[in-house]
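To keep things clear, I will list the structure first and then write my remarks on it.
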Amino acid sequence: MKDVHAMAPTRGRLTLRSVGVSGIRKPLSVQRKDRVHTLAATFEVAVDLPSERKGSDLSRNAEVLAELVDRTVERPVASLESACSTIARELLVRHAYATEATVSASAEYFLRRGISEEKRSFEDYLLLAEARARRSGGSRVELRRAVGAEAVGMTACPCAMETCREQLRAEYPALADASLASLPMISHNQRNRTRLMFELDDDAEVEVDDLIAAIEAAQSSPTYAILKRGDEGKVVLDAHRHPKFVEDVLRDLLAGLPSAFPGLPDSVGVRASTRSEESIHKYDVEASHRISLGELRRTAGR
0 MKDVHAMAPT
10 RGRLTLRSVG
20 VSGIRKPLSV
30 QRKDRVHTLA
40 ATFEVAVDLP
50 SERKGSDLSR
60 NAEVLAELVD
70 RTVERPVASL
80 ESACSTIARE
90 LLVRHAYATE
100 ATVSASAEYF
110 LRRGISEEKR
120 SFEDYLLLAE
130 ARARRSGGSR
140 VELRRAVGAE
150 AVGMTACPCA
160 METCREQLRA
170 EYPALADASL
180 ASLPMISHNQ
190 RNRTRLMFEL
200 DDDAEVEVDD
210 LIAAIEAAQS
220 SPTYAILKRG
230 DEGKVVLDAH
240 RHPKFVEDVL
250 RDLLAGLPSA
260 FPGLPDSVGV
270 RASTRSEESI
280 HKYDVEASHR
290 ISLGELRRTA
300 GR
């Protein structure tokens, strides 16, 4: 059969940075300390395409996923990011014309959390992983991988809080200024989604549970599936005692990373993003930043 993909393009002979497939869902078995966990993972895989080729052999991407991910039922992998690394390397073997392969994956992840010990339940998070494999001459392949997580919490707006405080002072002049100044004040809230990714060297490892803990510490408050009335009041008060803009969440998250991950090298790249889903505005608010762990350590205390 004629290989149409290998034919020359009819026009615009450009090298394309990425061509691939996305949205492929697979069960991935991961060996953790306590037991084997099965993740419902969603993969995106791609390679670059040289200018002389009309198309990429996309079926090879699906074949690689089927072969490498399906076999984890019998041979679990160490982590989601290690699976992405193996897939990225194999993509370069299957696509001899490609110089770079990229793999990204996400999966639901559960931890037992709760506002108290007796109300602990499995709370859901998002586990993230990436791998980029690049030929660097001959048979040598350079690999860069990343691991991350997303956690959903809440924030309380500090601007609306202070505005409400001033308006209540004017409306209720009998209230002592000291009382109003010390009370957690009413404000509008946001559901906050924050992501943290670490770009790792070959020998660096990070525990995803620690990433989640760092994210939740930067939000005004975590949120929980099981909350009785008294618990709801505690969460609201905790959030209003720590009001934050989306910028505050991002800065607090980044500022806490050097002490939270002292064993990681300076070369680790950090990507963080946060989105507040607004309650009184008809838009959301976002902030993001990229920096190395070494740069964060050098700027600590500023």
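In terms of numbering that gives the first Met the number 0, the sequence shown opens at residue 0 and continues consecutively. Where is the CB? At the ideal position from N, CA and C, for every residue including glycine.
7 Å Cβ cutoff met for residue 269 and residue 245
no
Answer yes or no: do residue 80 and residue 146 have a C-beta to C-beta separation smaller than 7 Å?
yes
Closest by C-alpha distance to residue 43, when choosing among 93, 54 and 86
86
Which residues mark the beginning and the end of the beta strand (DSSP E) in which residue 106 is found?
99-112
Based on the DSSP secondary-structure assignment, which residues constitute the bridge partners of residue 191?
152 and 275
Can you check whether the CB of residue 77 is closer than 7 Å to the CB of residue 90?
No, they are not a contact pair.
Check whether the Cβ atoms of residue 234 and residue 273 sit closer than 7 Å, and answer yes or no.
no
Segments of 4+ residues assigned as alpha helix (DSSP H) that fall wholly inside the stretch 225-292
228-240 and 245-259, all fully within the stretch 225-292.
Report the option in 165, 184, 197 and 242 whose CA atom is closest to the CA atom of residue 148.
Closest in C-alpha terms to residue 148, from the list 165, 184, 197 and 242, comes 197.
Among the candidates 151, 71 and 70, whose CA atom is the shortest distance from the CA of residue 109?
151
CB of residue 104 within 7 Å of CB of residue 7, strictly:
no
Which one of 190, 30 and 71 has the shortest CA to CA distance from residue 305?
Outside the modelled stretch of the chain, which goes from 0 to 301, sits residue 305, for which no answer is possible.
Check the C-beta distance from residue 18 over to residue 38 and give it rounded, since I have them as a contact under 8 Å.
That pair is no contact at about 26 Å.
Give the secondary structure of residue 201 by DSSP, where H, G and I count as helix, E and B as strand, and everything else as coil.
Residue 201: coil per DSSP, three-state reduction.
To which residues of the same chain is residue 62 closer than 8 Å at the C-beta, ignoring the five residues directly before and after it?
In the same chain as residue 62, and ignoring 5 residues on each side of it, the C-beta atoms closer than 8 Å to its own belong to 93, in chain order.
Helix or strand or just coil, what does DSSP make of residue 4?
Correct three-state label for residue 4: helix.
Runs of alpha helix (DSSP H) lying entirely within the stretch 19-100, each at least 4 residues, in chain order:
57-69 and 79-93
If contacts are defined as beta-carbon pairs under 8 Å, then residue 257 and residue 155 qualify, I think. What distance do you get, rounded to the angstrom?
About 27 Å; that fails the 8 Å criterion.
Coarse secondary structure for residue 217, derived from DSSP in three states:
Looking at residue 217 - three-state DSSP - the assignment turns out to be helix.
Neighbour-count burial assignment, residue 218, 16 or more Cβ in a 10 Å radius
buried
Below 7 Å between beta carbons: does that hold for residue 120 and residue 224?
yes
Cβ distance (whole Å) where residue 168 is taken to contact residue 184 below 8 Å
Not really, about 11 Å apart at Cβ, beyond 8 Å.
Let's test the definition: count the other Cβ atoms within 10 Å of the Cβ of residue 71 and tell me whether it reaches 16, buried, or not, exposed.
buried
Residue 259 Cβ short of 6 Å to the ligand GTP heavy atom set
Judged by which ligands are present, the structure shown has none, so any question about the ligand GTP falls away.
Express the C-alpha separation of residue 228 and residue 166 in angstroms, rounding to a whole number.
The alpha-carbon atoms of residue 166 and residue 228 are separated by roughly 28 Å.
Test item: CB-CB of residue 102 and residue 60 under 7 Å:
no
Let me check one thing: in DSSP terms, what residues is residue 196 bridge-paired to?
147 and 270
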